[in-house]
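Numbering (my numbering), first residue to last: 6 to 370.
The beta carbon of each residue, even a glycine, is placed where N, CA and C say it ideally should be.
Contents: one structure, followed by commentary.
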Amino acid sequence: EPRPIPRANAAVRRVDEGLAALGVAQPVPEPVFVARPNAAVRQAVRVRDGRRERDALCELDASGIRITGLAAPLFIAWPDARAISVDGGYVVVVSPAGSIAIGIALDSVTEPGLAPAFAAVLEAGRNGTLEPNTGALHELGLGIDRTLEIFGDADDPVVPLAVGAVVVFVGLVLLAALPTILELVAHLEPAPGAFALMPRIAFFDPRVIVAAFALSSALAVIVGQFALGPAAMAWARGTLRGWHRNASGLEATARLAIARLMLVSRVAGLIAGVAIVSLLPSAFARAVIDGDGIHEASGLPFLSSDHSWADVSDVVSLAVGFGERAEGFDTMLVFSDGERLSTRGRDLAGGTVRQIYDFARVNLR
Numbered sequence: 006e007p008r009p010i011p012r013a014n015a016a017v018r019r020v021d022e023g024l025a026a027l028g029v030a031q032p033v034p035e036p037v038f039v040a041r042p043n044a045a046v047r048q049a050v051r052v053r054d055g056r057r058e059r060d061a062l063c064e065l066d067a068s069g070i071r072i073t074g075l076a077a078p079l080f081i082a083w084p085d086a087r088a089i090s091v092d093g094g095y096v097v098v099v100s101p102a103g104s105i106a107i108g109i110a111l112d113s114v115t116e117p118g119l120a121p122a123f124a125a126v127l128e129a130g131r132n133g134t135l136e137p138n139t140g141a142l143h144e145l146g147l148g149i150d151r152t153l154e155i156f157g158d159a160d161d162p163v164v165p166l167a168v169g170a171v172v173v174f175v176g177l178v179l180l181a182a183l184p185t186i187l188e189l190v191a192h193l194e195p196a197p198g199a200f201a202l203m204p205r206i207a208f209f210d211p212r213v214i215v216a217a218f219a220l221s222s223a224l225a226v227i228v229g230q231f232a233l234g235p236a237a238m239a240w241a242r243g244t245l246r247g248w249h250r251n252a253s254g255l256e257a258t259a260r261l262a263i264a265r266l267m268l269v270s271r272v273a274g275l276i277a278g279v280a281i282v283s284l285l286p287s288a289f290a291r292a293v294i295d296g297d298g299i300h301e302a303s304g305l306p307f308l309s310s311d312h313s314w315a316d317v318s319d320v321v322s323l324a325v326g327f328g329e330r331a332e333g334f335d336t337m338l339v340f341s342d343g344e345r346l347s348t349r350g351r352d353l354a355g356g357t358v359r360q361i362y363d364f365a366r367v368n369l370r
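Below you can see the structure in the form of structure tokens.
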């Protein structure tokens, strides 16, 4: 009769024993599944379902593969297991019912490096050569031991501190530098006799903040990978499993945050790229004032507007704060359709606010 078990298999007991030998915290309990007493192998796994993963229990016996813990139990008879392969840290089993991607789970976190060993276990089961404590199962156990040893060697409390410090320091530097860099890249020098009004990008713009700290996070991951070498990802996954040495409070929170960051560094880089791209229209928006009129560009392709001097109904000066402009005022052009264009909050090229004011007054019709 099926019976509930609190821990999935001997592999989990091996993890517990290894953690005890390392002197690290005990892992979190795994989900409770119903185990079959005649199963030769019971392995906690995570099954990939689209972009999500689900905890499950994979059992092997003489008849085939049985996976429970999903919405519906799945059984694949050995003759129906047409192909067993490794793809991206998962074991993919192809059967008449379709394909399923299975990852070895240690304390509910997938360990991609164990996929080849688990694939060998499935192959042995399909071939009828699966023996306890020898062959493929022995190699899987050795792989789990190596995972624990790698984590134990890499579990240095200095690493999360160093990575976190890089995130904060580089983020603040980029926060100050990004607006200036974008403005320099987008700078326009107008033709002689013309003026250009270019927007300023504030460091507190949410897009700048997101870009700066997402980019600093991606760079910090590179620092962490350099410091830990090949063990970086093993350390990150082990930290998410709760294997780190008795960390608590703020330290534990920081470790978990850094570990998650190291596992999604590509996402951080993608977010930084999207934020920077979203800033480009603001950086490249500008207005050019010349003898023909006022030419405004939105920073996006094919979106611009032109006004002739006949469309300008007035030129006025605007009061500014102390020291904001050397001339003591800003210039605003008022168009007959109600639109307005001013030098306030903009960088100028080709001349000063006074020169733009005088030029506009001369051309006002």
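Problem set entry | CA-to-CA distance, R212 to L308, given in whole angstroms | In the sequence shown, residue 308 corresponds to position 303, counting from 1. In the sequence shown, residue 212 corresponds to position 207, counting from 1. The straight-line gap from Cα to Cα measures roughly 22 Å.
Exercise. Quick one: what's got a C-beta closer than 7 Å to G356's C-beta in the same chain, skipping five residues either side?
Worked result: Here residue 356 refers to the residue found at position 351 when the sequence shown is read from its first residue. If we look at G356 and ignore the five residues flanking it on each side, its Cβ neighbours are F200.
Problem set entry | First through last residue of the alpha helix (DSSP H) which encompasses L193 | In the sequence shown, the residue the question calls residue 193 occupies position 188. Note, L193: premise wrong, no alpha helix (DSSP H); not H, not E.
Exercise. Whose CA, out of A61, R87, S104, lies closest to the CA of L75?
Worked result: For the purposes of this step, residue 75 is taken as the residue at position 70 of the sequence shown. With distances taken between Cα atoms, L75 lies closest to A61.
For this session: Report the rounded CA-to-CA distance for L346 versus L338, giving the unit in angstroms.
Result: Here residue 346 corresponds to residue number 341 of the sequence shown, with the count starting at 1. Here residue 338 corresponds to residue number 333 of the sequence shown, with the count starting at 1. Their backbone Cα atoms lie some 5 Å apart in a straight line.
Exercise. How long is the line joining the alpha carbons of I206 and G198, rounded to whole angstroms?
Worked result: Within the sequence shown, numbered from 1, the residue matching residue 206 stands at position 201. Within the sequence shown, numbered from 1, the residue matching residue 198 stands at position 193. Computed Cα separation, rounded: 26 Å.
Problem set entry | Contacts around F334, its chain only, beta-carbon distance under 7 Å, and the 5 residues preceding and following it disregarded | Here residue 334 is taken as the residue at index 329 of the sequence shown, counted from 1. So the list reads S322, L323, A324, V325, V358, once near-sequence residues are dropped.
Exercise. Which whole-angstrom value is the C-beta distance of F123 and A239, which I expect to be below 8 Å?
Worked result: For this step, residue 123 is matched to residue 118 along the sequence shown. For this step, residue 239 is matched to residue 234 along the sequence shown. Actually they are not in contact, since the Cβ atoms of F123 and A239 sit about 17 Å apart, beyond 8 Å.
Problem set entry | Bridge partner(s) assigned by DSSP for A292 | For the purposes of this step, residue 292 is taken as the residue at position 287 of the sequence shown. A292 pairs with L202, E301.
Problem set entry | Which of helix, strand or coil DSSP assigns to V226 | By 1-based counting over the sequence shown, the position of residue 226 is 221. In this structure, V226 counts as helix in the three-state DSSP scheme.
For this session: Pull up the distance between the alpha-carbon of G118 and that of T152, whole angstroms please.
Result: Within the sequence shown, the letter at position 113 stands for residue 118. Within the sequence shown, the letter at position 147 stands for residue 152. Cα to Cα, G118 sits roughly 8 Å from T152.
Problem set entry | Three-state class that DSSP yields for L308 in the structure shown | As a working note, residue 308 is residue 303 in the sequence shown. Note: L308 maps to coil in three-state DSSP.
For this session: Report yes or no: do three or more beta-carbon pairs, one from the stretch 265–276 and one from the stretch 135–153, lie closer than 8 Å?
Result: no
Problem set entry | Nearest candidate by alpha-carbon position, reference L2, set V114, A77, R291 | In the structure displayed, the chain extends from 6 to 370; residue 2 sits before or after that span and is not available.
Exercise. Any idea if H192 is buried or exposed, counting beta-carbon neighbours within 10 angstroms, 16 or more meaning buried?
Worked result: The sequence position of residue 192 within the sequence shown is 187, counting from 1. Classification for H192: exposed.
Problem set entry | Reference E194; option with closest CA among G130, D352, Q230, Y362 | Working through the sequence shown from its first residue, we reach residue 194 at position 189. Out of G130, D352, Q230, Y362, D352 has the C-alpha closest to the C-alpha of E194.
Problem set entry | Rounded C-alpha distance that separates V178 from V172 | Counted from its first residue, the sequence shown places residue 178 at position 173. Counted from its first residue, the sequence shown places residue 172 at position 167. Distance between the alpha carbons of V178 and V172: 10 Å.
Problem set entry | Beta-bridge pairing of E58 - partner residues as DSSP gives them | For this step, residue 58 is matched to residue 53 along the sequence shown. DSSP output for E58 lists R53 as bridge partner(s).
Problem set entry | Residue closest to P78, alpha-carbon to alpha-carbon, out of A67, R59, D160 | Counting from one through the sequence shown, the residue named residue 78 turns up at place 73. Among A67, R59, D160, the Cα nearest to that of P78 belongs to R59.
Problem set entry | Residue closest to A264, alpha-carbon to alpha-carbon, out of R242, A225, I276 | One-based indexing of the sequence shown puts residue 264 at position 259. The shortest C-alpha separation from A264 is found at R242.
Exercise. What's the gap between the Cα of I281 and the Cα of S113?
Worked result: Here residue 281 refers to the residue found at position 276 when the sequence shown is read from its first residue. Here residue 113 refers to the residue found at position 108 when the sequence shown is read from its first residue. Cα to Cα, I281 sits roughly 35 Å from S113.
For this session: Starting from the C-beta of L135, find all residues in its chain whose C-beta is less than 8 Å away, skip the five residues before and the five after it, and write them out in chain order.
Result: For the purposes of this step, residue 135 is taken as residue 130 along the sequence shown, with counting starting at 1. The answer, listed in chain order, is A45, V46, L65, V126, A129, A141, L142.
Exercise. Nearest-angstrom Cα distance between E35 and G108?
Worked result: Here residue 35 refers to the residue found at position 30 of the sequence shown. Here residue 108 refers to the residue found at position 103 of the sequence shown. A caution first: E35 carries a pLDDT of 45, below 50, which makes its placement in the model too unreliable to give a value.
Exercise. Who pairs with I346 in a beta bridge, going by DSSP?
Worked result: Position 341 of the sequence shown holds residue 346. It should be pointed out that residue 346 corresponds to Leu in this sequence rather than to Ile. Beta-bridge pairing links L346 to L338.
Exercise. According to DSSP, which residues form a beta bridge with F352?
Worked result: Sequence index remark: in the sequence shown, residue 352 carries index 347 (1-based). Note that residue 352 is Asp in the sequence shown, not Phe. According to DSSP, which records beta bridges pairwise, D352 is partnered with M203.
Exercise. Of all the options A216, S313, R56, R131, which has the alpha carbon lying nearest to the alpha carbon of F340?
Worked result: Here residue 340 corresponds to residue number 335 of the sequence shown, with the count starting at 1. When each option's Cα is compared against that of F340, the closest is S313.
Exercise. Exposed or buried, D342, counting other C-beta atoms within 10 Å across all chains shown (16 or more means buried)?
Worked result: In the sequence shown, residue 342 corresponds to position 337, counting from 1. Exposed, since its Cβ has fewer than 16 Cβ neighbours within 10 Å.
Exercise. What number of angstroms, rounded off, separates the C-alpha of P204 from the C-alpha of I276?
Worked result: For the purposes of this step, residue 204 is taken as the residue at position 199 of the sequence shown. For the purposes of this step, residue 276 is taken as the residue at position 271 of the sequence shown. Answer to the nearest angstrom: the Cα atoms are 24 Å apart.
Problem set entry | Euclidean distance between Cα positions of V228 and A86 | Within the sequence shown, residue 228 is the residue found at index 223, counting from 1. Within the sequence shown, residue 86 is the residue found at index 81, counting from 1. Rounded to whole angstroms, V228 to A86 spans 43 Å at the Cα level.
Exercise. Taking Cβ positions, are R51 and A110 nearer each other than 7 Å?
Worked result: Along the sequence shown, one-based indexing puts residue 51 at 46. Along the sequence shown, one-based indexing puts residue 110 at 105. For R51 and A110, yes; Cβs fall inside 7 Å.
Exercise. What residue range is occupied by the uninterrupted alpha helix (DSSP H) comprising V126?
Worked result: Locating residue 126 in the sequence shown gives position 121, where the first residue counts as 1. Its alpha helix (DSSP H) spans residues 120–132.
Exercise. Looking at the structure shown, is A65 part of a helix, part of a strand, or coil, going by DSSP?
Worked result: Looking up residue 65 in the sequence shown gives position 60. The residue asked about is misnamed: residue 65 is Leu in this sequence, not Ala. Strand at L65.
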